[in-house]
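S.K.: This structure is in structure tokens; I'll ask about it shortly.
Numbering (the numbering used here), first residue to last: 684 to 1438.
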């Protein structure tokens, strides 16, 4: 249950006793909300370094003497909300370092005969009392001299011995809850010289007799009085105002969640005759006046507000201030009417000519103002006005021009439902707040603007820096900002703080590169890096912008794709060039044709053979083939039937199919070889396909005629079968000059065709 600082949390464990085994290592122990009924002397003996002990909300009814004697370093002890019916000075006698003690919410009726706290020289805050607490005696607070805070819960306190609190020389803040006006009067008399801030709660201040004595010792130290959950009457208001005038040190009066049970029938003559008031600040929050419809017009009060500098009336249903009264606030600098019922047709009365002559700050937020143009015009004569808050009014529209106070520097228009910004906004502003207005752009020319608050709108980019050159602080959180560039960021030359939290950032490479390499960005961006989260790409959604690193492929996707496309194009181009140079296309086409031919049935029976020979030759050798060889063979006895591509191929049929069919229908194939033959494009792409069929069947149907001398090395490598046959088989060589040799040639050729 203990953390790194040795603070042990044992609250809400259902414990009936303080756990055993506590050691000197423990510095803090929380035992609140258990069922402990008894604290024994041995329970805390070993916890000598304990500084915080929380025992609130148990059932402690008894504490043995010496239970806290070893806790000399204890600084905070909370025994509130238990069942202690009496208190013993022996409990606190050894707590020399104790600074904070809370014993509220128990069952004791008084603090005993002597002083419980005489040895607590370092005590700074003390909370005592409960619903049964009824008596404070002389000497109860003996030994205490300086307290930051004293809270006495005395709802049933009905007896107070005068001088009981005078032992304490100085109390910065005292809170007292009680119902007895008599006791309150005596306590106030004892505290006027020692308390700086007195807070009174849950009392009905009514006067039947003159029981508020005014002969308290001077000088006074009381500077601030707060009434909370208090019920006032008309007569007490008059008496309090007279009393407060006598307390020259009093500067501030605060009333919170209280009721004014009266009709305004104050003793104005008594108030006026008592002289001027030293109070400079009055703050009234959520005051209720049940008989408001019968309330007087406060005539005669005008002379009492001349020296007031700050006035706050909030949540109190104020709908106007009479012009005559407003003109008497001659020294008022700060006026706060937020959360009331002010409307435009009454605002002119409240801010009439001559009213509030020195006013510098005005808060009219959360009222019922509807017209921004009328509001500005009604306030325009407040020549000293610098700060104006009219936020949370439903203006909904904004005109193109407005008349504002000439010295206005701070303007709050947040949550006013204005759809856009126009030149109605005064150019004298140094601070502008237009948050929560559903704005989509900001393009105002405000040369003196130093602070711009434009959060919770619909902006997709930072505003242009040129029209607002002196901007120092900008809040653009919770917009639709996706990113901002280095140029946008650096265009704000004087920017010191930029709050762009809670936007949906697109973590692009450009944006990430900027935030990672921009020096000192963490000093300018508010909430960096925890509140700057990527919304896309999907792979990094939900991660902090500062922690995301994208790969080059993700960053330069278009460039990579372009490079790949170029490389693919170059590769294809290279393949085309290589294929053209090394006749790859020819090999592919011939392989495909060969595969087709392989699926065809083998050479048919003899009845399907139509020709004695298929002649394969180059077009350059056609004269010899057609005029000499064909004449010799087809006119022989018996004649030979030859298949020539010019004469016997089927028109319209693919040439490769013609070749295959002609070879299959021929008994032999004659190859007329020459230099033209081995270089012929015809032979390269179509005619030499016959090699596959002939040589694949491993027959001797091929007859080679060498028309002119040709070397085997001159035959292209793609004619590998032909090269092999020329190296392994005998071929017929045409004798071009000798007639006798030609006769032998024809004889041999005819014999080969008949074989």
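Just so it is clear, CB atoms sit at the ideal spot from N, CA and C, and this is done for glycine as well.
1. On the criterion of 16 or more Cβ atoms from any shown chain inside 10 Å, does residue 1160 qualify as buried, or is it exposed?
2. Look at the Cβ atom of residue 875, then the Cβ atom of residue 851, and state whether they are nearer than 7 angstroms.
3. What's the call for residue 1420, buried or exposed, on a 16-neighbour Cβ count within 10 Å?
4. Using only the alpha-carbon positions, how far apart do residue 702 and residue 766 sit?
5. Pick out whichever of 1173, 761, 880, 736 has its Cα sitting closest to the Cα of residue 754.
6. Rounded C-beta distance between residue 1020 and residue 991? I'm assuming under 8 angstroms.
7. Any idea what DSSP makes of residue 1417, helix, strand or coil?
8. For residue 1114, which beta-bridge partners are listed by DSSP?
9. Locate the beta strand (DSSP E) running through residue 831, then write down its first and last residues.
10. What are the uninterrupted segments assigned as beta strand (DSSP E) that are 3 or more residues long and contained completely in the segment 782 to 829, given in chain order?
11. Exposed or buried, what is residue 748 when buried is set at 16 or more other beta-carbons lying within 10 Å of its beta-carbon?
12. Could you have a look at residue 1227 and say whether DSSP puts it in helix, strand or coil?
13. Going along the chain, which unbroken runs of the alpha helix (DSSP H) with 4 or more residues stay wholly within the segment 1194 to 1244?
14. Is DSSP giving residue 1248 helix, strand or coil here?
15. Using a 10 Å radius around the Cβ and a threshold of 16 neighbouring Cβ atoms, would you call residue 1252 buried or exposed?
16. Compute the Euclidean distance between the alpha carbons of residue 790 and residue 706, then round it to the nearest angstrom.
17. Is any non-hydrogen atom of the ligand NAP found closer than 6 angstroms to the C-beta of residue 1319, if you look at the structure I gave you?
18. Under 7 angstroms between the Cβ atoms of residue 1388 and residue 1435?
19. Measuring straight from C-alpha to C-alpha, what distance separates residue 1384 and residue 1295?
20. Could you give the first and the last residue of the continuous beta strand (DSSP E) run that contains residue 1356?
21. Assuming residue 1215 contacts residue 1227 under a Cβ cut-off of 8 angstroms, what Cβ separation, rounded to an integer in Å, is found between them?
22. Indicate whether residue 719 and residue 741 have their beta-carbon atoms separated by less than 7 angstroms.
23. Checking 7 angstroms against the spacing of the C-beta atoms, do residue 914 and residue 940 come in under that value?
24. Terminal residues of the continuous beta strand (DSSP E) containing residue 1031?
25. Grab me the residues of residue 1176's own chain with a C-beta within less than 8 angstroms of its C-beta, minus the 5 sequence neighbours each way, in chain order.
26. Under the rule that 16 or more other beta-carbon atoms within 10 Å means buried, what is residue 1250, buried or exposed?
27. Since residue 1059 and residue 1086 should fall inside the 8 angstroms C-beta cutoff, what is the C-beta to C-beta distance between them, to a whole number of angstroms?
28. Determine whether the beta carbon atoms of residue 1047 and residue 1073 lie at a separation below 7 angstroms.
29. Does DSSP put residue 1271 in a helix, in a strand, or in coil?
30. Cα separation between residue 922 and residue 935?
M.R.: Judging by the given coordinates:
1. By 1-based counting over the chain shown, the position of residue 1160 is 477. Within 10 angstroms of the beta-carbon of residue 1160 lie 16 or more other beta-carbons, which makes it buried.
2. Counting from one through the chain shown, the residue named residue 875 turns up at place 192. Counting from one through the chain shown, the residue named residue 851 turns up at place 168. Cβ distance not < 7 angstroms, so residue 875 and residue 851 don't count as in contact.
3. Here residue 1420 corresponds to residue number 737 of the chain shown, with the count starting at 1. A residue is called buried when at least 16 other Cβ atoms come within 10 angstroms of its Cβ; residue 1420 does not meet this threshold and is exposed.
4. Start at 1 with the first residue of the chain shown, and residue 702 comes out as number 19. Start at 1 with the first residue of the chain shown, and residue 766 comes out as number 83. So the two alpha carbons sit approximately 20 angstroms from each other.
5. Position 71 of the chain shown, counted from the first residue, corresponds to residue 754. Taking each of 1173, 761, 880, 736 in turn and checking the Cα distance to residue 754, the smallest one comes out for 736.
6. Against the chain shown, residue 1020 aligns to sequence position 337. Against the chain shown, residue 991 aligns to sequence position 308. Contact doesn't hold; Cβ gap of about 14 angstroms is too wide.
7. Along the chain shown, read from residue 1 onward, the residue named residue 1417 stands at position 734. Annotated three-state conformation of residue 1417 is coil, per DSSP.
8. Counting from 1 along the chain shown, the entry for residue 1114 is found at position 431. Residue 1114 is bridged to 1093, 1134.
9. Indexing the chain shown from 1 puts residue 831 at position 148. From DSSP, the beta strand (DSSP E) with residue 831 extends over 829 to 837.
10. Fully contained in the segment 782 to 829 are the following beta strand (DSSP E) runs of length 3 or more, in chain order: 783 to 785, 808 to 812.
11. Taking the chain shown and counting its residues from 1, the one referred to as residue 748 is at position 65. By the beta-carbon neighbour count (other beta carbons within 10 angstroms, threshold 16), residue 748 is exposed.
12. Position 544 of the chain shown, counted from the first residue, corresponds to residue 1227. Note: residue 1227 maps to strand in three-state DSSP.
13. Counting only runs of 4 or more, we get 1204 to 1207, 1235 to 1238.
14. For this step, residue 1248 is matched to residue 565 along the chain shown. Helix at residue 1248.
15. The residue labelled residue 1252 in the question sits at position 569 within the chain shown. Exposed: under 16 other Cβ atoms inside 10 Å.
16. Numbered from its first residue, the chain shown carries residue 790 at position 107. Numbered from its first residue, the chain shown carries residue 706 at position 23. Answer to the nearest angstrom: the Cα atoms are 32 angstroms apart.
17. You won't find the ligand NAP in this model; it holds no ligand whatsoever.
18. Here residue 1388 refers to the residue found at position 705 of the chain shown. Here residue 1435 refers to the residue found at position 752 of the chain shown. No, they are not a contact pair.
19. As a working mapping, residue 1384 is identified with position 701 in the chain shown. As a working mapping, residue 1295 is identified with position 612 in the chain shown. Rounded to whole angstroms, the separation of the alpha carbons of residue 1295 and residue 1384 is 10 angstroms.
20. Within the chain shown, numbered from 1, the residue matching residue 1356 stands at position 673. Unbroken beta strand (DSSP E) run through residue 1356: 1349 to 1356.
21. Looking up residue 1215 in the chain shown gives position 532. Looking up residue 1227 in the chain shown gives position 544. Right, the Cβ-Cβ distance comes to about 6 angstroms (below 8 angstroms), so this counts as a contact.
22. Counted from its first residue, the chain shown places residue 719 at position 36. Counted from its first residue, the chain shown places residue 741 at position 58. It is a contact, given that the beta carbons lie within the stated cut-off.
23. Translated into the one-based positions of the chain shown, residue 914 becomes position 231. Translated into the one-based positions of the chain shown, residue 940 becomes position 257. Taking 7 angstroms as the Cβ cut-off, residue 914 and residue 940 do not qualify as a contacting pair.
24. Within the chain shown, residue 1031 is the residue found at index 348, counting from 1. Where residue 1031 is concerned, there is no enclosing beta strand (DSSP E), although the alpha helix (DSSP H) it sits in stretches over 1027 to 1033.
25. The count along the chain shown starts at 1 and reaches residue 1176 at position 493. Same-chain partners within the cutoff: 1148, 1152.
26. Indexing the chain shown from 1 puts residue 1250 at position 567. So residue 1250 counts as exposed.
27. The residue given as residue 1059 occupies position 376 in the chain shown. The residue given as residue 1086 occupies position 403 in the chain shown. Between residue 1086 and residue 1059 the Cβ distance is about 6 angstroms, and since that is below 8 angstroms, they are a contact.
28. The count along the chain shown starts at 1 and reaches residue 1047 at position 364. The count along the chain shown starts at 1 and reaches residue 1073 at position 390. Yes. Within cutoff.
29. Sequence index remark: in the chain shown, residue 1271 carries index 588 (1-based). If DSSP states are grouped into helix, strand and coil, residue 1271 belongs with the helices.
30. Counting from one through the chain shown, the residue named residue 922 turns up at place 239. Counting from one through the chain shown, the residue named residue 935 turns up at place 252. Those two C-alpha atoms are separated by around 17 angstroms.
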